[in-house]
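With mature numbering (1 follows the signal peptide of the UniProt record, and there is no 0) applied, the sequence shown covers -25 to -1, 1 to 102.
Don't be surprised by glycine CBs; every beta carbon is placed ideally from N, CA and C.
Quick caveat, the model's predicted, so the values are computed rather than measured.
Reading through the structure tokens given below for one structure.
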Amino acid sequence: MRTISLACAGAALGASLFFGTSAFAAGDAAQGAKLYAQCRACHTVNRGGANTLGPNLFGIVGSKSALKKGYKYSSALTKANIVWTPARLDAWLKRPAAMVPGTKMAFAGMANPQARANVIAYLAQLK
């Protein structure tokens, strides 16, 4: 019995390490909406909304990087060819310049993992 319990625990640990945990799943969209206020200086989130200093982020979760029409992306981000999964958005929000050296995004990053998860949950509901 103990062997089965240890095997199950090991399988669960291995699966969590292999698949990872989703920042999106752990986030609170309502809190993310509040935190997003700092992003509004450069980004809109309205369906069909205009790009400003940064691209409109409506529908970003699951989309491919550097595809918003009418926005001039850095060559680094254009070449990065990223699909904005919750995990990739988490890495981007943590330190954009570390993820894509040469990006023109001036934001230094968001250190708090829960805050990033909350912002990602907010962005994920914008479809």
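> Thinking C-beta only, is GLY29 closer than 8 Å to GLY95?
Replying inline: At residue 95 the sequence reads Ile, which differs from the Gly that was named. Cβ atoms of ILE95 and GLY29: not closer than 8 Å.
- Message: Nearest by alpha-carbon distance to ALA16: which of GLN6, LEU32, LYS47 is it?
- Response: ALA16 has its Cα closest to that of LEU32, out of GLN6, LEU32, LYS47.
Q: Mind listing, in chain order, the continuous alpha helix (DSSP H) runs of no fewer than 4 residues lying wholly within the region 26 to 76?
A: 50 to 55, 61 to 69, 71 to 74
Quick one: grab the DSSP three-state call for LYS79.
coil
Q.
For ALA81 and ARG70, I'd like the C-alpha separation in whole angstroms.
A. 10 Å
Could you check what DSSP says for ALA92 in three-state terms: helix, strand or coil?
Annotated three-state conformation of ALA92 is helix, per DSSP.
In terms of residues, what are the limits of the alpha helix (DSSP H) holding LYS102?
-> Where LYS102 is concerned, there is no enclosing alpha helix (DSSP H), given that its DSSP letter is neither H nor E.
Subject >> Minimum C-alpha distance to VAL36 - residue among ARG22, PRO61, HIS18 >> reply: PRO61
For ALA41 and TYR48, what's the separation of their Cα atoms in angstroms? 6 Å
Could you tell me which of ARG22, HIS18, TYR11 sits nearest to LYS102, measuring between CA atoms? ARG22
Could you give the DSSP three-state label for GLY2: helix, strand or coil? Coil.
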